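Everything on this sheet refers to the single structure shown next.
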Amino acid sequence: DTAVSQTPKYLVTQMGNDKSIKCEQNLGHDTMYWYKQDSKKFLKIMFSYNNKELIINETVPNRFSPKSPDKAHLNLHINSLELGDSAVYFCASSQSGTGNTIYFGEGSWLTVV
Amino acid sequence: SQKIEQNSEALNIQEGKTATLTCNYTNYSPAYLQWYRQDPGRGPVFLLLIRENEKEKRKERLKVTFDTTLKQSLFHITASQPADSATYLCALESNFGNEKLTFGTGTRLTIIP
């Protein structure tokens with residue numbers, strides 16, 4: 001029973017297209033995240049939502065729009081995809097409060113051609 | 001600017017020896033430091049958390065130290081096994097209250113049989 005699940009796992013698309021990645025967690029956590037891991041394996045936070053409210057937005061281009069319909073779901077929509085958007089996108093969740101660990105999904109491999 | 005650096009991109013250790021990984025940080029006042037393991041094609045998985053007022057934490061063959069004066073954490077795997085081969089990431093939670101976890105660049109550890 002997967003704790004943090006995201007779909008699709010692999011996505012190959014052309015420049016200029018719009019795509020979405022969906023994420024769901026069944027851990028009962030109130031905070032969800034999107035992280036981006038680039039080709040150098042550097043893992044960087046993009047967004048954080050707490051109880052459906054955006055609390056962290058790390059200077060991400062506004063082509064990226066997260067949406068949290070409820071606290072168990074956080075989707076990421078990307079408009080006008082660019083070559084530089086190719087990366088692995090990880091969804092994650094945690095319970096709010098300091099010192100809480102983050103549970104990651106398996107990642108979505110996005111390749112823009 | 002804030003920076004989290006892990007000593008080397010890759011580390012090769014003979015099976016049975018102790019592997020020691022280093023995480024150094026600058027311009028942070030971390031409340032907590034965490035270590036994660038990431039296997040190829042998977043999301044990071046939490047291993048250990050150490051608080052700023054703790055010097056050492058152990059879990060089975062794993063040991064983490066945290067020196068806030070040196071601004072450094074050491075991660076040790078004793079009696080290393082080939083199954084310990086993975087990328088290990090340190091992550092800092094700032095004590096400025098936004099609960100944002102920022103990851104280091106990672107060290108790819110290979111245990112040689």
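As you go down the protein sequences, you meet chains A and B in turn. Residues in the first sequence are numbered from 1 upward in steps of one, following this note's numbering. Residues in the second sequence are numbered from 1 upward in steps of one, following this note's numbering. Each residue gets a CB set at the ideal place from its N, CA and C atoms; glycine is no exception. On a predicted model such as this, the values are computed, not experimentally measured, just so you know.
Asked                                                                                                                                                                         : Found
Could you please give me the residues that DSSP links to LYS59 of chain B through a beta bridge?                                                                              : B:LEU62
Distance check for GLU56 of chain B and THR87 of chain B, CA to CA, integer angstroms please.                                                                                 : 21 Å
At what residue ranges does the region 21 to 58 of chain B contain a whole run of the beta strand (DSSP E), taking only runs of 3 or more?                                    : 30 to 38, 45 to 51
Step through the CB atoms of chain A and report whether any lies within less than 8 Å of the CB of LYS55 of chain B.                                                          : no
Using the beta-carbon of each residue, which ones in chain A are nearer than 7 Å to LEU11 of chain B?                                                                         : Simply none; closest approach about 14 Å.
Here's the rule I'm using: 16 or more other beta-carbon atoms within 10 Å means buried, otherwise exposed. How should ASN75 of chain A be labelled?                           : buried
Taking C-beta pairs closer than 7 Å, name the residues in chain A that LEU89 of chain B reaches, listed in chain order.                                                       : LEU43
Among A:MET15, A:TRP34, A:GLY16, which one has its Cα closest to the Cα of GLU116 of chain A?                                                                                 : Nothing can be reported for residue 116 of chain A: it is not among the residues displayed for chain A, which extend from 1 to 113.
Who are the near neighbours of GLY16 of chain A in its chain, counting only those whose CB is closer than 8 Å to its CB and skipping five residues on each side?              : SER80, LEU81
Please confirm whether ARG58 of chain B has its beta-carbon closer than 8 Å to some beta-carbon of chain A.                                                                   : no
Let's test the definition: count the other Cβ atoms within 10 Å of the Cβ of PRO69 of chain A and tell me whether it reaches 16, buried, or not, exposed.                     : exposed
Could you name the residues of chain A that ARG93 of chain B contacts, counting a contact when the two beta carbons are closer than 8 Å?                                      : As written in the sequence, residue 93 of chain B is Glu, which differs from the Arg given in the question. Result: THR98, GLY99.
Could you tell me which of B:LEU109, B:THR110, B:GLY104, B:ILE111 sits nearest to GLN2 of chain B, measuring between CA atoms?                                                : B:GLY104
For GLN14 of chain A, which residues from the same chain have a beta carbon less than 8 Å from its beta carbon, with the 5 sequence-adjacent residues on both sides left out? : LEU81, VAL112, VAL113
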